[in-house]
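Enquirer:
Residue numbers (mature numbering (1 follows the signal peptide of the UniProt record, and there is no 0)): -16 to -1, 1 to 108.
So this is what it looks like as structure tokens:
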């Protein structure tokens, strides 16, 4: 499944735009040259995965480190606190595996004294 999303990411005073896609469940980012490469796990944010699943009309099921078979990947850097961009890396060994689902999982925890009850919701 391939999903594309232009994601405007805001960190305090920082707003950055990245284009992501899923390729064989691996999160990829578009570089300055227009090509896509896997995003290195050290630059990963779960919100990237949540947004791409949302763009596909789905929910995030899992977000985890995965070994990369590719020699090339991108990391994300910010310069001056406001200019963020992907840059090529060649020594990254782990990317991000993202699984999306149509099921909305809601974890409900009710704490009554020393007893906690757990419930997982179904479809929304």
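For every residue, glycine included, the Cβ atom is placed at its ideal position computed from N, Cα and C.
1) In terms of alpha-carbon separation, which member of 80, 36, 9 and 10 lies closest to residue 2?
2) Assuming residue 76 is part of the alpha helix (DSSP H), what are its boundary residues?
3) Buried or exposed for residue 63, please, with buried defined as at least 16 other CB atoms from any protein chain shown within 10 angstroms of its CB.
4) Rank 71, 41, 11 and 4 by C-alpha distance to the C-alpha of residue 48 and give the top, closest one.
5) Identify whether residue 57 lies in helix, strand or coil by the three-state DSSP scheme.
6) With hydrogens ignored, establish whether the beta-carbon of residue 29 is closer than 6 Å to any heavy atom of the ligand NAP.
7) By the three-class DSSP mapping on this structure, what secondary structure does residue 67 have?
8) Can you name the residues that DSSP bridges to residue 52?
9) Taking the CB atoms as reference points, tell me whether residue 27 and residue 59 lie closer together than 7 Å.
10) Confirm, please, whether the CB-CB distance from residue 72 to residue 52 is below 7 Å.
Expert: Short version:
1) Numbered from its first residue, the chain shown carries residue 2 at position 18. Comparing Cα positions, the closest option is 36.
2) Within the chain shown, residue 76 is the residue found at index 92, counting from 1. Counting along the chain, residue 76 falls outside any alpha helix (DSSP H), and DSSP gives it neither H nor E.
3) The residue labelled residue 63 in the question sits at position 79 within the chain shown. The residue is exposed, with fewer than 16 neighbouring Cβ atoms inside 10 Å.
4) On the chain shown, position 64 is the one that residue 48 refers to. Nearest option by C-alpha distance: 11.
5) Residue 57 sits at position 73 when you count from the first residue of the chain shown. Three-state result, residue 57: strand.
6) In the structure on display, the ligand NAP does not appear, and there are no ligands present to speak of.
7) For the purposes of this step, residue 67 is taken as residue 83 along the chain shown, with counting starting at 1. In this structure, residue 67 counts as strand in the three-state DSSP scheme.
8) Along the chain shown, read from residue 1 onward, the residue named residue 52 stands at position 68. For residue 52, which the question treats as bridged, DSSP gives no partner whatsoever.
9) Within the chain shown, numbered from 1, the residue matching residue 27 stands at position 43. Within the chain shown, numbered from 1, the residue matching residue 59 stands at position 75. For residue 27 and residue 59, yes; Cβs fall inside 7 Å.
10) By one-based count along the chain shown, residue 52 stands at place 68. By one-based count along the chain shown, residue 72 stands at place 88. Taking 7 Å as the Cβ cut-off, residue 52 and residue 72 do not qualify as a contacting pair.
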